[in-house]
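Asks:
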Amino acid sequence: MENEQKNKSKIQLIIIILLGLLVVFFIIDKIQQKNRTEEIIVQLEESNTEKQDISNEMKELLVQYDDLRTNNDTLNAKLSSEQVRIKELIDQLKYVKSSNSTKIKEYKKELGTLRKIMRSYIVQIDSLYTKNTELIKENAQVKNEYRIVMSENQELSTERDSLEGTVQKASALKTMNLSASGINKRGKNTNRISKLEKIKVCFTVDENVIASKGEKWVYLRIAKPDKYVLFETESDLFTFEGKEIAFSAKRMLNYNGEEEDMCIYWQKSEMLMPGLYYVDIFTNGNLIGTTAFTLN
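Numbering of the sequence shown is given in this note's numbering, commencing with residue 50 and proceeding in unit increments.
Structure, rendered in structure tokens:
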């Protein structure tokens, strides 16, 4: 009996120990489950926070892309394309569960790629801005140089025109010893209209080494006291200061740069009046001598 009692006590003790161990294991398991649950909650909260951060950063990128707009249409088209892509990613991210850490990581990686792309655009824009600034400076410099050149050309043109005017004046022929008178049938000088057959005008063309050489017409123009010009036909015209004017007589001069004596005659072909007659000599479009004489 005593042995049986001892055996029962041992069995009871073993059962108590086992129950105690079970209780301990149960408590430990509960604690571990609680810890795992808390870890999952923390992970979910972190994932949800990370998801929201990614979405916020993508929205910030959209705004930053707007700030990158330039006057370059090609670059603006690329920026718009990237903005469309970002908007699509933001919309897709809304439907990703916070517990899907793999997808969250993919979107985080995509966000990093978007940042790199933006930095590359910033580099391009900075480069374009630098080049544009340089071009503006070069353009301003070119315009300034152009103005300088145009100013110099204008000065040279003015100097050339002045020089040409000086040369033209210097190359114009001049007359000396210019005289005019009437002559009768015997070739003698007369101032009586009734005896006059011709009007004789004589002069010396002065020496001029820079004047053009060769043949040139010398025109005689005689005006009566009433300023009416004596001429033979209506076709007796020459050009002076852009206008066609009448001449009384003309003669060809073969000029070689040296002094040349010559006379030009007007044959009386109309009635003359007493008074002061005016004589002008022209050649090469220039008035080269003038005088006057009186007929009675």
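We put the beta carbon where it would ideally sit given N, CA and C, even for glycine.
In this text, all values refer to a predicted model and were calculated from it rather than measured experimentally.
Just reading off the beta strand (DSSP E) that Ser230 is part of, what are its end residues?
Replies: Within the sequence shown, numbered from 1, the residue matching residue 230 stands at position 181. First-last of the beta strand (DSSP E) with Ser230: 224-232.
Asks: Which one or two residues does DSSP pair with Thr179 in a beta bridge?
Replies: Locating residue 179 in the sequence shown gives position 130, where the first residue counts as 1. DSSP, once it has assigned bridges, lists no residue as partnering Thr179.
Asks: Buried or exposed for Leu279, going by 16 or more other Cβ atoms inside 10 Å?
Replies: Residue 279 sits at position 230 when you count from the first residue of the sequence shown. Under this definition Leu279 is a buried residue.
Asks: Within 10 Å of its beta-carbon, does Ile89 have 16 or more other beta-carbons around it, so buried, or fewer, so exposed?
Replies: Taking the first residue of the sequence shown as 1, we reach residue 89 at position 40. No answer about Ile89 holds up, because its pLDDT of 48 lies below 50 and its placement is not dependable.
Asks: Just to confirm the assignment, what range does the beta strand (DSSP E) spanning Lys247 have?
Replies: Position 198 of the sequence shown, counted from the first residue, corresponds to residue 247. 247-254 is the span of the beta strand (DSSP E), which, as asked, contains Lys247.
Asks: Find the nearest neighbour of Gln173 within the set Gly161, Lys152, Val133, Thr123, judged by alpha-carbon distance.
Replies: Taking the sequence shown and counting its residues from 1, the one referred to as residue 173 is at position 124. Among Gly161, Lys152, Val133, Thr123, the Cα nearest to that of Gln173 is on Thr123.
Asks: Can Leu222 and Asn335 be called in contact, C-beta distance under 8 Å?
Replies: Mapped onto the sequence shown, residue 222 falls at position 173. Mapped onto the sequence shown, residue 335 falls at position 286. Going by C-beta atoms, Leu222 is nearer than 8 Å to Asn335.
Asks: Determine which residues share a DSSP beta bridge with Lys244 and list them.
Replies: Position 195 of the sequence shown, counted from the start, is the residue given in the question as residue 244. Lys244 is not bridged to any residue.
Asks: Could you compute how far the alpha carbon of Glu137 sits from the alpha carbon of Leu163?
Replies: Taking the sequence shown and counting its residues from 1, the one referred to as residue 137 is at position 88. Taking the sequence shown and counting its residues from 1, the one referred to as residue 163 is at position 114. Rounded to the nearest angstrom, the two C-alpha atoms are 13 Å apart.
Asks: Output the boundary residues of the beta strand (DSSP E) element that contains Val328.
Replies: Stepping through the sequence shown from its first residue, residue 328 is reached at position 279. Start and end: 324-332.
Asks: Roughly how far, in whole angstroms, is the beta-carbon of Ser230 from the beta-carbon of Phe342, given that I think they are within contact range, below 8 Å?
Replies: Position 181 of the sequence shown, counted from the start, is the residue given in the question as residue 230. Position 293 of the sequence shown, counted from the start, is the residue given in the question as residue 342. Their Cβ separation, rounded to whole angstroms, is 6 Å, which keeps Ser230 and Phe342 in contact under 8 Å.
Asks: Kindly indicate which residue of Lys317, Asp329, Ser261, Met311 has the alpha-carbon position closest to the one of Ile294.
Replies: What you label residue 294 is simply residue 245 of the sequence shown in a count that begins at 1. If we check each option's Cα against that of Ile294, Asp329 comes out closest.
Asks: Taking the alpha carbon of Leu117 as the point to measure from, which residue in Ile66, Lys79, Leu177 has its own alpha carbon closest?
Replies: In the sequence shown, counting from the first residue as 1, residue 117 sits at position 68. If we check each option's Cα against that of Leu117, Leu177 comes out closest.
Asks: Have a look at Glu94 and Leu110 and give me their C-alpha separation to the nearest angstrom.
Replies: Working through the sequence shown from its first residue, we reach residue 94 at position 45. Working through the sequence shown from its first residue, we reach residue 110 at position 61. The pLDDT assigned to Glu94 is 48, lower than 50, so where the model puts this residue is not dependable, and the model offers no usable value.
Asks: Just the C-alpha distance for Met322 and Thr224, rounded to the nearest angstrom, thanks.
Replies: Residue mapping note: residue 322 aligns to position 273 of the sequence shown, counting from 1. Residue mapping note: residue 224 aligns to position 175 of the sequence shown, counting from 1. So the alpha carbons of these two residues sit roughly 27 Å apart.
Asks: Report the residue from Val267, Thr179, Lys152 whose alpha carbon sits nearest the alpha carbon of Phe287.
Replies: The residue labelled residue 287 in the question sits at position 238 within the sequence shown. Per the Cα distances, Val267.
Asks: Can you tell me the Cα-Cα spacing of Asp102 and Val112, whole angstroms?
Replies: In the sequence shown, residue 102 corresponds to position 53, counting from 1. In the sequence shown, residue 112 corresponds to position 63, counting from 1. Rounded to whole angstroms, Asp102 to Val112 spans 16 Å at the Cα level.
Asks: Would the beta-carbon of Ile135 fall within 8 Å of that of Ser104?
Replies: Here residue 135 corresponds to residue number 86 of the sequence shown, with the count starting at 1. Here residue 104 corresponds to residue number 55 of the sequence shown, with the count starting at 1. No, the Cβ-Cβ distance between Ile135 and Ser104 is not below 8 Å.
Asks: Return the chain-ordered ranges of every beta strand (DSSP E) run that is complete within the region 253-278 and spans a minimum of 3 residues.
Replies: 263-272, all fully within the region 253-278.
Asks: So for Lys292, helix, strand or coil by DSSP?
Replies: The count along the sequence shown starts at 1 and reaches residue 292 at position 243. DSSP places Lys292 in strand when its eight states are reduced to three.
Asks: What residue range is occupied by the uninterrupted alpha helix (DSSP H) comprising Leu138?
Replies: Position 89 of the sequence shown, counting from 1, holds the residue named residue 138. Per DSSP, Leu138 belongs to the alpha helix (DSSP H) from 122-143.
Asks: Out of Tyr327, Gln203, Asp285, which has the shortest C-alpha to C-alpha gap to Ala298?
Replies: Against the sequence shown, residue 298 aligns to sequence position 249. Answer by Cα proximity: Asp285.
Asks: What first and last residue would you give for the beta strand (DSSP E) that runs through Met301?
Replies: The residue given as residue 301 occupies position 252 in the sequence shown. From DSSP, the beta strand (DSSP E) with Met301 extends over 298-304.
Asks: Name the DSSP beta bridge partners of Asn345, please?
Replies: Taking the sequence shown and counting its residues from 1, one reaches residue 345 at position 296. None; Asn345 has no bridge partner.
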